[in-house]
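Residues 641 to 776, numbered by my numbering, are exactly what the sequence shown covers, in order.
The beta carbon of each residue, even a glycine, is placed where N, CA and C say it ideally should be.
Computed from a prediction, not measured in an experiment: that's the story for all the values here.
One structure is given here, and the rest of the page talks about it.
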Amino acid sequence: MALCDQGYLCDVCGQEVETIAESDLYLRYVIGEVDPETLHSTLERHLRCNPTLAQFIVADGFEPVVVAGFFGKSQLDPAFVVTEEARVTRGYRRLQELPTPGSLILEYPLPEVQARWRDHLKSQPDDQGIALDSGF
Ligand SMILES: [Zn+2]
Numbered sequence: 641m642a643l644c645d646q647g648y649l650c651d652v653c654g655q656e657v658e659t660i661a662e663s664d665l666y667l668r669y670v671i672g673e674v675d676p677e678t679l680h681s682t683l684e685r686h687l688r689c690n691p692t693l694a695q696f697i698v699a700d701g702f703e704p705v706v707v708a709g710f711f712g713k714s715q716l717d718p719a720f721v722v723t724e725e726a727r728v729t730r731g732y733r734r735l736q737e738l739p740t741p742g743s744l745i746l747e748y749p750l751p752e753v754q755a756r757w758r759d760h761l762k763s764q765p766d767d768q769g770i771a772l773d774s775g776f
């Protein structure tokens, strides 16, 4: 589970996803949409190559992504957009801080997501392929 396993190619554009900071896969992991068991079997993409999610990133240094059509923010419920922007942008900010020295990959997600995985693993003691080291 070493994160220095780099060299994954983007499923959309075919270019290398060079850092976790530009990885759509790890953003979705941080915000709890990809679970730890499937992290390494899920295709890698750049943030910008998944515009329907990237459009919710509102942060300095991230050029806004605009999606045309049905899945664009302008077509969505404004309350939903506000909630998504808060959630996805928080995940993006956390992603920019990773990896922190000595952190385990299970410590990458947002705190509420970590709590959710912990409950999930606890409730399925025979179904985990993951070693929960210290820190929990
Ligand atoms: Zn790409």
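Q.
Any heavy atom of ligand 1 inside 7 Å of the beta-carbon of valine 707?
A. no
Q. Using the C-alpha atoms, what's the distance from leucine 735 back to arginine 688?
A. 14 Å
Q: Return helix, strand or coil for phenylalanine 710, following the three-state DSSP convention.
A: coil
Q. Quick one: what does DSSP say glutamate 673 is sitting in, helix, strand or coil?
A. coil
Q.
Could you compute how far the alpha carbon of valine 753 sits from the alpha carbon of alanine 719?
A. 22 Å
Q: Using three-state DSSP, classify glutamate 724 as helix, strand or coil.
A: helix
Q. Taking the C-alpha atoms as reference points, what is the distance between leucine 665 and tyrosine 732?
A. 11 Å
Q.
One question on the structure: do valine 670 and leucine 746 come within less than 8 Å of each other, judged by their Cβ atoms?
A. no
(Q) Under 8 Å: do the stretch 649–666 and the stretch 674–690 share three or more Cβ pairs, one atom per stretch? (A) yes
**Q.** Straight-line Cα distance separating alanine 726 from phenylalanine 696
**A.** 8 Å
Q. From what residue to what residue does the alpha helix (DSSP H) around serine 743 run?
A. Note, serine 743: premise wrong, no alpha helix (DSSP H); not H, not E.
Q: Please report how far the alpha carbon of arginine 685 lies from the alpha carbon of isoleucine 660, in whole angstroms.
A: 10 Å
Q: Closer than 6 Å by C-beta to lysine 713: which residues in its own chain qualify, once you throw out the five before and the five after it? Chain order, please.
A: Gln695 and Val721
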